[in-house]
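One structure is given here, and the rest of the page talks about it.
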Amino acid sequence: MTPFSLQTSKRLKQKVVNSLLVGCCLLTSACSQQKTDITRNGITFCSESSPASLNPQLDTSSTTADASSHQIYDRLLEFNTDNGRIEPGLASSWLVSNDGLTYTFQLRKGVKFHSTDYFTPSRNFNADDVIFSIDRWRVVSHPYHDISGGNYPYFDSLGLGNTIKDVKRINGYRVEISLYKPDSSFLANLATDFSVILSAEYAMALMKDGSPSYLDRFPIGTGPYKFLSYRKDQFIRYQRHNDYFLDSKGPENLVFDITPKSSLRVAKLITGECDAVAFPSQNDLETIRERDDLTLLEKPGLNVGFWAFNTTKAPFNDPRVRKALALAIDKTSLLEAVYLGQATRAKSLVPSASWAHQSNMQDLGYNPVAARKLLDEAGIPFNFTMNIWAMPVQRAYNPNAMKMAQLMSSYLADVGVTVNIVSYDWARFRENLTLGMHDSVLIGWSADNGDPDNFYRPLLTCAAIPSGTNRARWCNEEYDVLIESALNTEDENERRIFYHRANQVIFRETPLVPIAHAYQYQAVSNNIQGMVINPFGGIRFDDVERTP
Amino acid sequence: MINLLARYVNLVVLTIAALILISFSLPYLFPGDVLTNMSGIVPESEAQRAALEGVYKLNSSVFVQFWYYLNTLFSGNWGVSFSSQESLFDAVSIAFPATIELITYALLISVVVGIPLGFIGGIWHHKPFDFGVVTFSVVSYSFPVFWLALIFITIFSLQLGLLPLSGRVNLLYDVPHHSGFIIVDILVADIPHKADALYDALQHLILPTLSIAFVTTAIFVRFTRRSIMDVMEKGYIDAAKSRGFTTKQIFFKHGLRNALLPILPLMAMQISTLITNAMVVETIFSWPGIGNWLIQAIYQRDYPAIRIGMLVVSVFVVTLTFTIEFLSRAIDPARDKFERATI
Amino acid sequence: MPRFSLYQEEFHPSPFMHIWLEFKRSHFALVGLAVLLMFCGIAVLAPLMSPYDPNIQNTNAILLPPAWEGNGSISHIFGTDALGRDVFSRTLHGARTTFGSSVILVIIALLIGVALGTLAGMNKGVKSSVLNHLLDSLMAVPTLLIAIIIVAILGTGLLNSMMAIILALIPQFVHQTRSFVREEMKKDYVLLDKLDGASSARIFWKSILPSMFELLAVQSTLALSVAIIDISALGFLSLGAQVPLVELGASLSQSLEVAYSAPWLVALPGFCIFLMVLAVNIVGEGLRSALRNRLIH
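Protein chains in written order, with this note's numbering: chain E, 1 to 548; chain U, 549 to 891; chain P, 892 to 1188.
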């Protein structure tokens, strides 16, 4: 040890402290948002949850759609995000036969699939890819049908597999799809997030290698970004697809930073660690609006948040019980406390933006006395215990299900019902819901296309029970017939009448309590341009760029 | 010396054996299916179940199972995570170095700041400076580490906008995984903008490291101060004084060494506190370390991950603790074996 | 120990009295003690002191700021949280849970630890050595890890997290007791008892235990501060107390989602935990220096 006096040691310490301080300052001060090259060429999006898969055919969760649909893949048709009209995608044009049974698609030429370190395509996109992508979920005997579980919840819930008669190749760039019966929402369904086009060549190569499940884990598509890597609960990395068939202004790198806590997402937006965030917490909206460096994007959402009862479980199979529970909660104050007023009260499934909305619909008010009376009639004892499953992620239709469940439990306590709140991580939550382990659940639905059928069919028809989108597990013949009839006609007025009659059935039976149609929000840093809210599903980054 | 080494090696081996035994029994104690708890796979068919049971020797006696478990442990074949189906060995080898990196820097700061402060306080005890040192250490020792981290975030990230609040490095830098230590990885990596990445990583390190170091520094200050005060009261110091040595000579010849020696085993005892704090801080700063990983695992009831994570962390802590204790006893054989800390 | 004194009639405080006299010479220690007593009071009387039921939700009064802010209301001194619950009542009840459970678990750990430590200290040989090794390994395992294992097996809850912390605290008490008992057994006054034919139990109860109180008091304050931090950390990670039980760490983590619009909801429970631990540490520090001073004089 070098001998030095205590005085010098003190002075030395002072020096050390000083230099440390200076070091810290250098490290921190100079950096004030000085973007380096790589951060200038990249965009970080803070998403709310880990996708269960990277193929939206396999999952209806919007997390999966966000992470894959518009990044990695393209569809035959696209929705215009402004007006909801159907526009050309990979299909440059299409023809519908007069009887509404045959659809012919002319495909775009020269569209390149991603070339990555795990796959190099030898040919461009053609009809085989379309046939493969549709047949995978449609044909039960297809070699790829049972890979990754064999469930295609969106298509199964609509019964699309039974609607399509055949998908035929006419030539390399022309495909003909024939149906058994006319379906007024068929084109819209082909434009949803779930109808993505996969690479048939890649699938065959994987099958040969004996690792077919890689198709959904190491995806190949034609979209504006290619997949680089994914670590659950941490990040997904993408790189720009330079041969994308459209002009894309997108950045060189795109990262999804998976941040489940909404408050943390906003905090990261403020510090500049995120350039855009999904589902900012309602509490932070005001803060974001007030800040000069951030923009809050908002749009009335095509969605509905609801409280669904598991109608296969006693005593929730009794409509009186369901109605009583619906009467026991005060929706108005839920709207105030959870959505902070940024939502409209829901009376039926579709929001007022849809032509099928019924403005004169009756609604169950808040009436705890009537609720208790109904419960007594149904023989429900005081201190009856039930559970409410509160989804662990934020959605526009329910920004804080946990908080809502807590509020509801105090209302239900007033009528003598004790509530246990249940929550799992998102993937497990949905799995267990599909198994019907819940008594009731707070969840909701966002439109995938503008058609009202997109609400009525997946949410409550019998066919949607096994596919897991019918959270009430409610099966009612009268309702199914009404929904089916509404699809057989193209006339909006006629369809509207069917849907209004379906509303009456829902009101009478109360398989679920509609709660809110909420605004959709996205918070974006002002360094980013071109972000828009896509009301018909997943987030898009193809036209997003960083301002210099 | 050989004797001592043998005794410590024996101790470490026995303890690790006990930990392995505990981790072996965990799948039977956890709720749910034993097979799933072990393998992380939910068998989809009877055939798959039978195959898995064959792999894990579930139909054989417990001893065979244990022997097989030992084999898998040492071959690095640790099964897969229940929630992500990722190899646990890979996950741990990514997450654990991140934690070690964090606690190494925190420990370094604590030693560099804590020990000198403690020395000065101890030598001039009951003087104003010492009063300041003691106050600082009592106050910072009383901070719940999660609250402290939140305060740091509020001030340095949200109010001043100086430092990032989550992760190890901006995710746009795609740093390939070599050693798991981000600084090392960046230095050896062949990526563009290396200097920027390094700078970015250092910025990410500051807040989590300081949050952990704050509490640990307080403990070091108190240990050192107490130790130097005890030593300066010893008879040999008086003897040296009476022989006319200067304070400086006395301090460096007799005080320093004797005061430093007892601090070493006390440091060993702080490792488990350090790890606990690091785990909490990791969850706040979304640091992709083993603590964050384990806490996510418990939220998702990922039993295979909990079992392996628990084993890895506890084996690490036990080995490190006993190594330091062995070293301190080897340097200072006079120390009573059972002497324990009072701060 | 008091040395030779010329004036025999002078005041001779008992050992405990002596400690108290030394202790109260420090103003800090006294203030710490007062705060600690306040928390004890809260732990016992929280239900009587709080103006509202801590779980009553009022959707008409959501996120009211505390009374000292411009638009705060005097009916909710600390304001209300995101569900319209009274924060003052919640803080009182939270402090009660955090502090009360910490005190209880320290007492349990103390009893078990002293019992085991005495056994180990009064016996020699294999039994003692096995116990020692077992404890060494237990001590090296971080508290949070023990808690994670226990939560994985038994589920979340205050009792389970208390169990984990008790397990983590026991070894310290055992080691302290053990080395103390070892030392004392060598001393002459114990030898005297032995020669008188006293049983081991009698030696322990009559001779060793009384002289151990001070050591245990100091060790308990240390353990208490660790226990409070650990209980609230587990609550913060939502592995500890679950709704409807109010706990400070858990309230803090629940308030994180409104941290930006209602920072006081994060500040208050955190400050409360900090104050609690600080008070315990100051009292512990005061106690230790009082003991040391008594031994010197």
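Don't be surprised by glycine CBs; every beta carbon is placed ideally from N, CA and C.
- Non-local beta-carbon contacts of U:Trp672 in its own chain, meaning distances under 6 angstroms to residues more than five positions away in sequence, involve Asp678 in chain order.
- Checking the DSSP bridge columns, you'll see E:Thr312 has no partner listed.
- A Cβ-Cβ distance of about 7 angstroms is found for the pair U:Leu842 and U:Ile854, placing them in contact under the 8 angstroms criterion.
- Under the three-state reduction of DSSP, E:Asp293 is assigned to coil, being neither helix nor strand.
- The C-alpha of P:Pro1033 lies about 22 angstroms from the C-alpha of U:Val769.
- For U:Lys796, the enclosing alpha helix (DSSP H) starts and ends at 795 to 798.
- Put simply, the backbone Cα of U:Leu804 is about 8 angstroms away from that of U:Ile776.
- Residue environment analysis places U:Trp835 among the buried positions, since at least 16 neighbouring C-beta atoms fall within 10 angstroms of its C-beta.
- Residue-level contact check: E:Ser122 does not touch chain P, since none of the beta carbons of chain P fall below 8 angstroms from its beta carbon.
- Taking 8 angstroms as the threshold, the shortest C-beta distance from P:Ala1006 to chain U does not fall below it.
- The continuous beta strand (DSSP E) containing E:Pro88 extends over residues 86 to 88.
- When only Cα atoms are considered, P:Val1174 and P:Pro956 end up about 33 angstroms apart.
- Beta-bridge partners assigned by DSSP to E:Lys299: E:Gln520.
- Between E:Tyr479 and E:Trp445, the gap from beta carbon to beta carbon reaches 8 angstroms or more.
- Between the segment 315 to 326 of chain E and the segment 363 to 378 of chain E there are three or more C-beta pairs closer than 8 angstroms, enough to call the two in contact.
- Rounded to whole angstroms, the Cβ separation of P:Pro1062 and P:Met1103 is 17 angstroms, and the two are not in contact under 8 angstroms.
- One finds nothing in chain E with a Cβ atom closer than 7 angstroms to the Cβ of P:Ser964; even the nearest lies about 18 angstroms away.
- Judged by beta-carbon spacing, E:Tyr202 lies beyond the 8 angstroms limit of E:Leu54, meaning their Cβ atoms are not closer than that value.
- E:Met391 sits in coil when the DSSP states are folded into three classes, being neither helix nor strand.
- Around the Cβ of E:Gln529, a 10 Å sphere holds fewer than 16 other Cβ atoms; the residue is exposed.
- E:Met386 is bridged by DSSP to E:Val419.
- Neighbours of E:Phe235 across chain U, judged by C-beta separation under 9 angstroms: Gly715, Leu719.
- Assigned with DSSP and collapsed to three states, E:Glu78 falls in strand.
- Under DSSP, P:Asp977 shares a beta bridge with P:Thr971.
- Looking at the DSSP output, E:Val139 bridges to nothing.
- Under the criterion of beta carbons closer than 8 angstroms, U:Val736 and U:His726 qualify as touching, at roughly 6 angstroms.
- Of all alpha-carbon atoms in P:Ser1098, P:Ser1070, P:Arg1093, the one lying nearest the alpha-carbon of P:Asp1079 is that of P:Ser1098.
- Distance from the Cα of U:Glu634 is smallest, within the candidate group U:Gly588, U:Gly709, U:Ile731, for U:Gly588.
- U:Val828 and U:Ile846 have their alpha carbons spaced roughly 13 angstroms apart.
- Take the alpha-carbon of E:Ile258 and the one of E:Ser50: they are about 6 angstroms apart.
- Annotation: the segment 448 to 478 of chain E contains the following complete segments of the alpha helix (DSSP H) (minimum length 4 residues), in chain order: 453 to 460, 464 to 467.
- Between the segment 475 to 490 of chain E and the segment 222 to 242 of chain E, the count of Cβ pairs shorter than 8 angstroms is below three; the stretches do not touch.
- For U:Tyr689, the secondary structure class from DSSP, reduced to helix, strand or coil, is helix.
- If you draw a straight line from the Cα of E:Ala464 to the Cα of E:Ser157, it comes to about 4 angstroms.
- Taking a Cβ-Cβ threshold of 7 angstroms, none of the residues of chain U is close to E:Leu58; the smallest such distance is about 15 angstroms.
- A distance below 8 angstroms between beta-carbons, with the five flanking residues on each side excluded, links E:Leu482 to the following residues of its chain, in chain order: Phe498, Tyr499, Arg501, Ala502, Val505.
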